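**Q** Sharing a structure below in structure tokens format, with a few things to ask.
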Amino acid sequence: MEIRKAQEKDLETLLKIYAHAREFMAKTGNPDQWKSSYPDEEKVSGDIAQGVCYVCVQDGEIEGVFSYLQGPDPTYQKIDDGKWLNEDPYGVVHRVAGRGHVHGVADRCLAWAFDQCGNLRIDTHRDNRVMQHILEKNGFTVCGTIYVADGSPRIAYQKVRGKNLVKKAPDQKESVRVPEKEPPQRTGEKESQDVLEYLKREIRRGRLKEGDRLPTERQLSEKLNVSRTTVRDAMRLLEGMGVLVSRQGSGNYLSGKMEKSLAEMLEFMILLKEMDYGTVNQLRRAIGLWNYREVMKHHTPEQVLELRQILGQMQQEKQKEICDEKFHEKLLEFGGNPLILMMMNALSGVCRELIRNAFASMSEEEEKKLEQSHWDMLDALVGGRMEEGCAAVMEHYDLVDREIEKWKETEQK
1 MEIRKAQEKD
11 LETLLKIYAH
21 AREFMAKTGN
31 PDQWKSSYPD
41 EEKVSGDIAQ
51 GVCYVCVQDG
61 EIEGVFSYLQ
71 GPDPTYQKID
81 DGKWLNEDPY
91 GVVHRVAGRG
101 HVHGVADRCL
111 AWAFDQCGNL
121 RIDTHRDNRV
131 MQHILEKNGF
141 TVCGTIYVAD
151 GSPRIAYQKV
161 RGKNLVKKAP
171 DQKESVRVPE
181 KEPPQRTGEK
191 ESQDVLEYLK
201 REIRRGRLKE
211 GDRLPTERQL
221 SEKLNVSRTT
231 VRDAMRLLEG
241 MGVLVSRQGS
251 GNYLSGKMEK
261 SLAEMLEFMI
271 LLKEMDYGTV
281 NQLRRAIGLW
291 NYREVMKHHT
301 PEQVLELRQI
311 LGQMQQEKQK
321 EICDEKFHEK
331 LLEFGGNPLI
341 LMMMNALSGV
351 CRELIRNAFA
361 SMSEEEEKKL
371 EQSHWDMLDA
381 LVGGRMEEGC
391 AAVMEHYDLV
401 DREIEKWKET
411 EQK
């Protein structure tokens, strides 16, 4: 397919192509990007007059149209949720559209523009999944969010190739930049952070979710222009955080199982004297109290029965500690907040050994008080007595705090 500058005599054909593109966008879930008349006759005619409108021709027929010009573009001066790959002089592509009769028109337009300038920027609407696929297939990187004249957001893309030498583009007076050679791949802590930011953007946009397989090391390396070592460093960091799991021979998958890593982080903070167990238990108390109030508002008879069965098992000598954990885990589950559940599991994991030691050294009288605090919580829950129930929660954590302090004093002697 041949690319040439558009002429005024092409105007009617170009308007028909844009009308077809608007109809196609609406049918594919993107009715808002170009509305009912964009780009209008005045805009297209202006692009032709300025020498920035190009057409894609095959067998004498115009199959596609786009605008290509040299930056800076005012709408690209501010970018949110990320940053451009560089701030070097760049070319810009706008208003890509095809007649729909020939496959690969957009690919050809983008390839031609990239040949003219090895540093190319473009944007598209978040609902324009077709264009997003084309851009990413052609090696463009998502850089962030920009805003067009009417204030609506667009996904910003950029593609960079090599150190560029200034050279005149065909049929243009302006100087643009063309590639000399491929750039060295970027490495280092900042580049690892770029990998993390890219994955977060993909999750935010719904393109990645828990259980999905991540792009391969090679794909991420090429897409973000970073070394594979940098990608591996980022993957190890995410695995350590519990964000992903690596499966032998299969790849990396988003996991979302972060309780263990959070618990380990908290435990190291305690060991390094950043906080003590009392501080952790204060947070457990606050979360437990808030959660109990939520359960009080919307519990079911089946949930009450389950809690009652757990407390029935607590009367067995060897079941006390296990049933205490189960009782509180069930309350958290019934609270219905997955983040609260994750946080509390992590905090309880940090305190678990200390609580077990406290249980082991607890007097018979204190054991009875602790067991009764659970029954008081349940009875208040059944009777809808919020104040009494919250008092029972506080009594429970007071007992635990006292036993922990006793055990710590004994250990220090």
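Numbering of the sequence shown is given in the UniProt record's numbering, commencing with residue 1 and proceeding in unit increments.
Don't be surprised by glycine CBs; every beta carbon is placed ideally from N, CA and C.
The structure presented is a predicted model; accordingly, all values stated were derived computationally and were not measured.
#1: Rounded to a whole number of angstroms, what is the C-alpha to C-alpha distance between M394 and R204?
#2: Helix, strand or coil for C390? Go by DSSP, reduced to three states.
#3: Taking 7 Å as the cut-off, decide whether the C-beta atoms of G335 and V295 are in contact.
#4: Could you tell me the boundaries of the alpha helix (DSSP H) in which L378 lies?
#5: Given a threshold of 16 other Cβ atoms within 10 Å of its Cβ, counted over all protein chains shown, does Q77 qualify as buried or as exposed?
#6: Can L272 and S255 be called in contact, C-beta distance under 7 Å?
#7: Rounded to whole angstroms, what's the CA-CA distance from E364 to S250? Just pull it up for me.
#8: Compare the beta carbon distance of C117 and G100 with 7 Å and say whether it is the shorter of the two.
#9: Rounded to a whole number of angstroms, what is the C-alpha to C-alpha distance between M25 and S221?
#10: Could you tell me if the beta carbon of L14 falls within a distance shorter than 6 Å of some heavy atom in the ligand SAM?
#11: Mapping the DSSP letters down to three states, classify S246 as helix, strand or coil.
#12: Would you call the CB atoms of C323 and Q313 closer than 7 Å?
#13: Is it true that the CB of H125 sits closer than 7 Å to the CB of Q33?
#14: DSSP three-state call for P153: helix, strand or coil?
#15: If we call anything under 7 Å between Cβ atoms a contact, is V65 one with A106?
#16: Who are the near neighbours of L14 in its chain, counting only those whose CB is closer than 6 Å to its CB and skipping five residues on each side?
#17: Quick check on the burial criterion: 16 or more other C-beta atoms within 10 angstroms. Buried or exposed for L339?
#18: Going by DSSP, what residues sit across from I122 in a beta bridge?
#19: What is the DSSP secondary structure of A106, reduced to helix, strand or coil?
#20: Quick check: what's the CA-CA separation for C390 versus D379?
#21: So, at 8 Å on beta carbons, what are the nonlocal neighbours of K83 in its own chain, with the 5 sequence-adjacent residues on each side left out?
#22: On a Cα-Cα basis, can you pick out the residue from C53, G29 and H20 that is closest to E8?
#23: Can you tell me which of the three DSSP states K181 falls into?
#24: Let me check understanding here. Comparing Cα to Cα, which of A360, D127 and I287 lies closest to M343?
#25: Counting only runs that start and end within the stretch 46-93, where is the alpha helix (DSSP H) found for 4 or more residues in a row?
#26: Name the one or two DSSP bridge partners that N138 has.
#27: For L266, does the three-state DSSP call read helix, strand or coil?
#28: Hey, out of L307, G29, S36 and Q50, whose CA is closest to K5's CA?
#29: Relative to the alpha-carbon of A392, which residue among V280, E12 and Q372 has its alpha-carbon at the smallest distance?
#30: Just tell me which of R121, E367 and Y292 has its CA closest to the CA of G71.
**A** Inspection of the coordinates gives the following:
#1: For the purposes of this step, residue 394 is identified with residue 394 of the sequence shown, where counting begins at 1. For the purposes of this step, residue 204 is identified with residue 204 of the sequence shown, where counting begins at 1. For M394 and R204, the gap between their C-alpha atoms comes out near 39 Å.
#2: Position 390 of the sequence shown holds residue 390. If DSSP states are grouped into helix, strand and coil, C390 belongs with the helices.
#3: The residue you call residue 335 lines up with position 335 of the sequence shown. The residue you call residue 295 lines up with position 295 of the sequence shown. Yes.
#4: Within the sequence shown, residue 378 is the residue found at index 378, counting from 1. It spans E364 to G383 - the alpha helix (DSSP H) in which L378 sits, taken as one unbroken run.
#5: For the purposes of this step, residue 77 is taken as residue 77 along the sequence shown, with counting starting at 1. Label assigned to Q77: exposed.
#6: The residue given as residue 272 occupies position 272 in the sequence shown. The residue given as residue 255 occupies position 255 in the sequence shown. It is not a contact, given that the beta carbons lie outside the stated cut-off.
#7: On the sequence shown, residue 364 is found 364 positions in, with the first residue counted as 1. On the sequence shown, residue 250 is found 250 positions in, with the first residue counted as 1. Near 54 Å, if we compare the C-alpha coordinates of S250 and E364.
#8: Within the sequence shown, residue 117 is the residue found at index 117, counting from 1. Within the sequence shown, residue 100 is the residue found at index 100, counting from 1. No, Cβ-Cβ distance for C117 and G100 is not below 7 Å.
#9: Residue mapping note: residue 25 aligns to position 25 of the sequence shown, counting from 1. Residue mapping note: residue 221 aligns to position 221 of the sequence shown, counting from 1. Going by the C-alpha atoms only, they are around 32 Å apart.
#10: Absence of the ligand SAM from the depicted structure is noted, as is the absence of any ligand whatsoever, leaving it without description.
#11: Along the sequence shown, read from residue 1 onward, the residue named residue 246 stands at position 246. Residue state, collapsed to three classes: strand.
#12: Here residue 323 corresponds to residue number 323 of the sequence shown, with the count starting at 1. Here residue 313 corresponds to residue number 313 of the sequence shown, with the count starting at 1. Result yes, Cβ atoms of C323 and Q313 sit closer than 7 Å.
#13: The sequence position of residue 33 within the sequence shown is 33, counting from 1. The sequence position of residue 125 within the sequence shown is 125, counting from 1. Going by C-beta atoms, Q33 is nearer than 7 Å to H125.
#14: Here residue 153 is taken as the residue at index 153 of the sequence shown, counted from 1. Looking at P153 - three-state DSSP - the assignment turns out to be strand.
#15: Position 65 of the sequence shown, counting from 1, holds the residue named residue 65. Position 106 of the sequence shown, counting from 1, holds the residue named residue 106. Contact flag unset, no.
#16: Start at 1 with the first residue of the sequence shown, and residue 14 comes out as number 14. So the list reads V44 and V65, once near-sequence residues are dropped.
#17: For the purposes of this step, residue 339 is taken as the residue at position 339 of the sequence shown. That one is exposed.
#18: Residue 122 sits at position 122 when you count from the first residue of the sequence shown. The partner list for I122 (beta bridge, DSSP) reads Y157.
#19: For the purposes of this step, residue 106 is identified with residue 106 of the sequence shown, where counting begins at 1. In this structure, A106 counts as helix in the three-state DSSP scheme.
#20: Numbered from 1 along the sequence shown, position 390 holds the residue referred to as residue 390. Numbered from 1 along the sequence shown, position 379 holds the residue referred to as residue 379. Distance between the alpha carbons of C390 and D379: 12 Å.
#21: Within the sequence shown, the letter at position 83 stands for residue 83. Listed in chain order, the non-local C-beta contacts of K83 below 8 Å within the same chain comprise C143 and G144, local neighbours out to five positions each way being set aside.
#22: Here residue 8 corresponds to residue number 8 of the sequence shown, with the count starting at 1. Taking only the C-alpha atoms, the option nearest E8 is C53.
#23: Position 181 of the sequence shown, counted from the start, is the residue given in the question as residue 181. At K181, the pLDDT of 42 sits below 50, so the modelled position is not reliable; the number obtained from the coordinates is stated separately. The answer is strand: DSSP assigns K181 an E or B state.
#24: Along the sequence shown, read from residue 1 onward, the residue named residue 343 stands at position 343. Ranked by how close their Cα comes to the Cα of M343, the residues A360, D127 and I287 have I287 in first place.
#25: none
#26: Sequence index remark: in the sequence shown, residue 138 carries index 138 (1-based). Answer is none; N138 lacks a bridge partner.
#27: By one-based count along the sequence shown, residue 266 stands at place 266. In the structure shown, the three-state DSSP call for L266 is helix.
#28: Counting from 1 along the sequence shown, the entry for residue 5 is found at position 5. Cα-wise, what sits closest to K5 is Q50.
#29: Here the question's residue 392 lines up with position 392 in the sequence shown. Ranking the options by Cα distance to A392, first place goes to Q372.
#30: Stepping through the sequence shown from its first residue, residue 71 is reached at position 71. Of the listed residues, the one whose Cα sits closest to G71 is R121.
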